[in-house]
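Everything below concerns the one structure shown next.
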Amino acid sequence: GYRNTNQVSDDYRYQDGNYDAPNDGYYRGGDEPTQEEDAQSDVTEGHDEDDEVYEGEYQGIPHPDDIKEKQKKRAPAVDDEYRDRADLMAERMEDEEQLAHQYENIIEECGHGRFQWTLFFVLGLALMADGVEVFVVGFVLPSAEKDMCLSSSNKGMLGLIVYLGMMVGAVLLGGLADKLGRKQCLIISLAINAAFAFLSSFVQGYGFFLFCRLISGLGIGGTLPIVFAYFSEFLSREKRGEHLSWLCMFWMIGGIYASAMAWSIIPHYGWGFSMGTKYHFHSWRVFVLVCALPCIASLVALKFMPESPRFLLEIGKHDEAWMILKQVHDTNMRAKGEPERVFTVSYIKTPKQVDEFIEIQSSTGTWYQRWLVRITTTLKQVWDNVLYCLTAQYRMNTLMLAVVWFTMALSYYGLIVWFPDMIRYFQDEAYESRVKIFDEEEVSHFTFNFTLENQIHRNGEYRNDKFIGMKFKEVRFEDSLFEDCYFEDVRSSETFFENCTIISTVFYNTDLYEHKFINCRLINSTFMKEKEGCHIDFEEDNDFLIYLVSFLGSLSVLPGNIISALLMDKIGRIKMIGGSMLISAVCCFFLFFGNSESAMIGWQCLFCGASIAAWNALDVITVELYPTDKRATAFGILNGLCKFGAILGNSIFSSFVGITKVVPILLASSALVGGGLLALRLPETREQVLM
1 GYRNTNQVSD
11 DYRYQDGNYD
21 APNDGYYRGG
31 DEPTQEEDAQ
41 SDVTEGHDED
51 DEVYEGEYQG
61 IPHPDDIKEK
71 QKKRAPAVDD
81 EYRDRADLMA
91 ERMEDEEQLA
101 HQYENIIEEC
111 GHGRFQWTLF
121 FVLGLALMAD
131 GVEVFVVGFV
141 LPSAEKDMCL
151 SSSNKGMLGL
161 IVYLGMMVGA
171 VLLGGLADKL
181 GRKQCLIISL
191 AINAAFAFLS
201 SFVQGYGFFL
211 FCRLISGLGI
221 GGTLPIVFAY
231 FSEFLSREKR
241 GEHLSWLCMF
251 WMIGGIYASA
261 MAWSIIPHYG
271 WGFSMGTKYH
281 FHSWRVFVLV
291 CALPCIASLV
301 ALKFMPESPR
311 FLLEIGKHDE
321 AWMILKQVHD
331 TNMRAKGEPE
341 RVFTVSYIKT
351 PKQVDEFIEI
361 QSSTGTWYQR
371 WLVRITTTLK
381 QVWDNVLYCL
391 TAQYRMNTLM
401 LAVVWFTMAL
411 SYYGLIVWFP
421 DMIRYFQDEA
431 YESRVKIFDE
441 EEVSHFTFNF
451 TLENQIHRNG
461 EYRNDKFIGM
471 KFKEVRFEDS
481 LFEDCYFEDV
491 RSSETFFENC
501 TIISTVFYNT
511 DLYEHKFINC
521 RLINSTFMKE
531 KEGCHIDFEE
541 DNDFLIYLVS
551 FLGSLSVLPG
561 NIISALLMDK
571 IGRIKMIGGS
581 MLISAVCCFF
591 LFFGNSESAM
601 IGWQCLFCGA
611 SIAAWNALDV
621 ITVELYPTDK
631 RATAFGILNG
641 LCKFGAILGN
651 SIFSSFVGIT
661 KVVPILLASS
671 ALVGGGLLAL
681 RLPETREQVL
691 M
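Numbering (UniProt numbering), first residue to last: 1 to 691.
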C-alpha cells in the first residue's frame, strides 16, 4: 500500500534523474512553433469573471518573444536526456514570473493589518531570542569561570563556540526552510535552542556546558534567515523595507533584555541553591534560564501561525495557500471593521513542479532505510540550492553580498568584543596604579582577620601569625619568610607567593593551592582539607559595568533603527548600506581619541547606532535579491559567513587589547570602507516584486 500521509516530511521526496515531458505545445530543439501574436490572450493579469481561470496562462501557449528569450538563455548543446528538463525549468521560470506579479496583487488586496502585526510580534520574539543568545555567554563568563574554574583560553572558546553553532545552524536550517517550509523549520530551530539552553543551565561540567551552548547556538542560527524570509512573504512591495526594518528592532530589544536581566539577576549570588557540596545552582544559572524565555514564548505562539502561502505555492500546494491567504484577508478586514469584504481571488498560478515525487512503499525496506533515503534526498536538494546561488544569474550578487556581510561582521563583532575588553583594561590599569607596596615589614603574634587587597609585600618576615577567615585579593608576597604561622579558612584570588620560605606552617581549609607558590621552599609545612571546587569569591564591581556598556550599546541602536526603518523605502537599500558603513568607519576612526572609559562607551554607542542601518538594509536586500525557493538558503549562507566573520573578528581584535589600538581600528575602518563602497555596486531592489 502507498503511504498517503499528509506529513510535511513525506511530501518532499523527489528523485533526480531524467524527466520526459509530454510533447505538448512546447518547442523541442530550435524550431519555433509558428503561431500568431494574438494567440496569446491579454488577460494574464486581473480577474476574469466568466471562467475563473486566467486564459493565457491556462492554455499554456508561450509568447513568441518569451521563446526567443528562452533560447538566448538556454545553454548550448544540452545532453539529450537533460533537454526536457531544461525545457521544464524554462517553463517554470515563466510561471514564477507570473506568480510573482499575481502574488503581489493578492497581498495588496489582503491589506496590511492585524494579521501582519500578530506575525510581527511572534517572529519578533524569535529574533529576540537570537539577540539574547549572543549576549548570554559574555554575561555568564565572569561568574561561570569561578564556578567551573575556567582559564582565560577556555573563556575565549566559550564565546567562539556559540558563533560556530550559529554558523552551521544558519546554513543548515536556512537551506531546509526552502524544502520543508518556513514555519516547520522555525519551530525546529527554536525547539533545539530552547531545549539545549534549558539543559545548559543545569549541567555542571565545563565541556558539557560548552556542548549545550554549541547546539543551542546551532538552533538559534537558523532563526535569522527563516524569520526574514517568512515575514517578507506576507508583505507587499511598499511595506516591505519598512516593516522588515521594524522587525530588526527586536534584535536590539533582545540585547536590552539580556543586559537588564544580567544586571538584576547575576549579582545576587544568593539566588540559587546547593544540593550537597558538589552541585551548585548559582544565580548565573537562573539568568541562563530566564534567557530561554523569549524563545519558548515564540515557540508556543508560532503554533497558531500559518505557513507562508508563497512557499506553499512554490511547491504546488494551491489550495492550502489559498486558504491561508483568505485567512489573512479576512483577519485584516475584520480588524478594519469591513467584514463584508470578499476575497476575490479564485485561482492562483502555481509554478510547474519539475521534480517528481517518489512514493516509498511501506513494505520496502525498514523504517530507518526509508528515513535515510528521505534525509539524503533532502540534503542533496539543499546542496543543489546552495550551488544554485552561485550560478551565472546570481553569482555576482552572491559574491558581493558575501563580501559586504563579511566585512560588516568582522568589524562590528570584533569591536563589540574589543570595547568591553578595552574598558576592563583601563580599569585594571587604574587598579594597578593604586597598589600599595610594603617593604621589609616584620609582623609577629598578630591575627589577620580582614581582607588584604591590591598589595605587594617584599622581604617581609611573619612569625607566629594567624590568618583566619580572611581574603587575599591581588596580593603578592615576594622573598618573604613565614614561620610557625597558621592559615585557616583563607580565600584568595590572583594571589601568589614568590621565592618565599615557609617553615612549619599549617594551612587548614584554604584555597592556597600549589600553583600559587612560585619557587618557594616549603619546610615541614602541612596542607589539610583544602577547599574544593571553585568558590565564587568576590563580587567583581567591574562586571556590572560590562552589563551597563552592553545595555547602553543596545539602547543606542534605537534611534538608528527608527531612522533606518522610516527611510528604508525612501532612500533605498543600497544608499542605506553604503552610507551607514562609511559613517561607521568614521566613528571607528575617532576611537583613536578614546583614552578613558567614558569616551570608549560614548564612541561605542555612536558606532552601534550608525552601523545598525547597514544591518537592517542588508537583511532586507538579501531577502529581496533571491527567488522564493532559494531565499532562506541564500540568507542562511550569507548569515553563516557573517558568523564566520564574527569568529575571526573576535579572535583578532581581542588579541590586541593592551598592546595597540592602531591595528584593530585600522582593520575595522578599512573593512567598513571597502564593504560600503562595494555595496554601492549592488542592484537596487526597492521597486521589485518578490520573486
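Ideal Cβ placement from N, Cα and C applies to all residues, glycine included.
- Annotation note: the stretch 624 to 686 contains the following uninterrupted alpha helix (DSSP H) runs of length 4 or greater, listed N- to C-terminal: 631 to 654 and 662 to 679.
- Each residue's CA atom was taken as its position, placing V140 and S216 some 15 Å apart.
- When C-alpha distances from L618 are compared across V657, E597, A565 and T628, the shortest belongs to A565.
- Of all alpha-carbon atoms in N449, V403 and F497, the one lying nearest the alpha-carbon of L672 is that of V403.
- Boundaries cannot be given for I315, as no beta strand (DSSP E) includes it and DSSP labels it neither H nor E.
- Residues A613 and A617 of the same chain have their beta carbon placed closer than 6 Å to that of M576, with the five preceding and five following residues left out of the count.
- A residue is called buried once 16 or more other Cβ atoms fall within 10 Å of its Cβ, and N397 is buried on that count.
- In this structure, M400 lies away from M581, with their beta-carbon atoms at least 8 Å apart.
- Y425 places its beta carbon less than 8 Å from that of V657.
- Distance from the CA of K471 to the CA of S200, rounded to the nearest whole angstrom, comes to 31 Å.
- With a beta-carbon spacing of about 5 Å, V227 and A126 fall inside the 8 Å limit used to define contacts.
- Under a 10 Å Cβ-count criterion, F234 is classified as buried, with 16 or more other Cβ atoms of the shown protein chains found around its own Cβ.
- The beta-bridge partner set that DSSP reports for I502 consists of F482 and L522.
- Between the alpha carbons of A646 and T350 lies a gap of roughly 40 Å.
- In the three-state reduction of the DSSP assignment, V345 falls in the coil class.
- The stretch 545 to 557 and the stretch 252 to 266 touch, with three or more beta-carbon pairs separated by less than 8 Å.
- With a beta-carbon spacing of about 11 Å, M568 and E238 fall beyond the 8 Å limit used to define contacts.
- Judged by pairs of C-beta atoms under 8 Å, the stretch 379 to 390 touches the stretch 169 to 189, as three or more such pairs exist.
- Between W418 and G578, the alpha-carbon positions lie close to 24 Å from each other.
- Under the criterion of beta carbons closer than 8 Å, C110 and N332 qualify as touching, at roughly 6 Å.
- Exclusion of the five residues before and after G649 leaves L410, Y413 and G414 as the residues of its chain whose Cβ lies within less than 6 Å of its Cβ.
- H457 places its beta carbon less than 8 Å from that of F438.
- Contact check between the stretch 457 to 468 and the stretch 432 to 447: three or more CB pairs, one atom from each, fall below 8 Å, which counts as touching.
- For I523, the CB contacts under 8 Å within the same chain, skipping 5 residues up- and downstream, are T501, I502, I503 and S504 in chain order.
- Residue pairing from DSSP places R476 in a beta bridge opposite I456 and F496.
- Cβ-Cβ separation between V435 and L452: approximately 12 Å, too far for a contact (criterion under 8 Å).
- Between D87 and T223, the C-beta spacing is not below 8 Å.
- For the pair I220 and E320, the CB atoms are not nearer than the 8 Å cut-off.
- In this structure, the straight-line span from the alpha carbon of I423 to that of N595 is close to 10 Å.
- In the displayed model, F517 falls within a strand according to three-state DSSP.
- In the structure shown, R434 falls within a coil segment according to DSSP collapsed to helix, strand and coil.
- Cβ atoms of G159 and V137 come within 8 Å of each other, at about 6 Å.
- For the set I324, G609, K179 and K352, the Cα lying nearest the Cα of M249 is the one of G609.
- The Cβ-Cβ distance between E478 and Y508 does not fall below 8 Å.
- Distance from G636 to G175 at the Cβ level is roughly 6 Å; contact confirmed, criterion being Cβ atoms closer than 8 Å.
- Distance from the CA atom of C212 to the CA atom of F196, rounded to whole angstroms, is 5 Å.
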